[in-house]
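Okay, structure first, notes after.
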Amino acid sequence: MAKENDDVVEITEDEISDKANKTMTEVVENLSSATNYTFDTKLHRWCELTVLFPVSFLRVDLTQALRDAAIRSIIYEIKNIKRAITNKEKDVLYLKTEGINIVQMSKYSNLLDLNKLYSNDIHAIANTYGIEAANKVIIKEIQNVFNVYGITVDPRHLTLVADYMTYNGIFEPMSRKGMEASTSPLQQMSFESSLIFLKEAVLNSKKDYIRSASSCLMLGQPCRSGTGAFSLQHYSKEIN
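Just so it is clear: in the sequence shown, position 90 is 90 by our numbering, and no numbers are missing.
Right under this line is the structure:
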């Protein structure tokens, strides 16, 4: 049975044993040729399946039989995770999954080092750990793309990109969908779908204060960044 102390649920060995026995029984019942099934209930690193074939069989395709048994048997299933593999890097065993379910994986803190959990699913990270964590993931993923081609980019540029995509507190892509949040109609039209943004600006009487870089370039005005971020004033003295 599960014991509950100070809002912390502790699963006893008896409960784990009951669940394991139920799984073993289900596997044997679902496979007509299976006689026994056991697996590692502590580290979940191995399983053993015993199958029985009549002696009247002249030839048994064991590979195909095991493949059919594996397809029909669900040992354990977690929602949104399609496949999982393990690999060892520098004598450290890592678990990599196709898909992510952070809530379910957090239940296995006794097997997984959750302090090293990482996912390139920006939405999942933002929903679980917050927008600041998603900001760091964006920077890391962009760096990984450039590293493949041997391109070095100043981290400050990547930080600026990540900040622009997360400054509203949510993850907004740099696409037409993300551009809908811009307050500059000219900047929206300079990206793509010009007629759609132009129609919306006209029908809603939107104003553009020519502050974005795109709107300044479209009207031949200096961008308000770099040397264009300030103006110089010259004071002249009248001489009588």
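The beta-carbon is built from N, C-alpha and C at its ideal position, and this holds for glycine as well.
Selection from L31, S32 and N36 that minimises the alpha carbon distance to N21: The candidate whose alpha carbon is nearest that of N21 is N36.
Span of the alpha helix (DSSP H) holding E141? Looking at the DSSP string, the run of the alpha helix (DSSP H) that includes E141 is I131 to V148.
Suppose you measure from the CA of S182 to the CA of I139; what does that come to, to the nearest Å? Looking at the two C-alpha atoms, the distance is approximately 22 Å.
Give me the DSSP bridge partner(s) of F39. Bridge pairing for F39: C47 [DSSP].
What do you reckon, are the CB atoms on L49 and A65 nearer than 8 Å? Their beta carbons are not under 8 Å apart, which means L49 does not touch A65 by this criterion.
Boundaries of the beta strand (DSSP E) in which E254 is found, first to last residue: The chain is shown only over 1 to 240; residue 254 falls outside these bounds and no answer can be derived.
Along the chain, where does the alpha helix (DSSP H) containing T253 start, and where does it finish? Residue 253 cannot be examined here, being either before or after the span of the chain that is shown, 1 to 240.
Euclidean distance between Cα positions of M218 and K207: Each residue's alpha carbon lies about 15 Å from the other.
Alpha carbon of E200 to alpha carbon of A229, nearest angstrom: C-alpha separation (whole angstroms): 30 Å.
For D6, I'd like the list of residues in its chain whose CB is within less than 8 Å of its CB, leaving aside the five on either flank, ordered along the chain. No answer about D6 holds up, because its pLDDT of 43 lies below 50 and its placement is not dependable.
Among A34, F53 and I78, whose alpha-carbon lies nearest the alpha-carbon of R72? Checked all of A34, F53 and I78; the closest Cα to R72 is A34.
Distance check for V103 and Q188, CA to CA, integer angstroms please. It is roughly 38 Å from the alpha-carbon of Q188 to the alpha-carbon of V103.
Three or more C-beta pairs under 8 Å: does that hold for the stretch 123-142 against the stretch 167-178? The stretch 123-142, when compared against the stretch 167-178, does touch it at the 8 Å Cβ threshold.
Spatial neighbours of L93 in its chain, beta-carbon cut-off 7 Å, leaving aside the 5 residues before and after: Once the five neighbours on either side are set aside, the close Cβ partners of L93 are T86.
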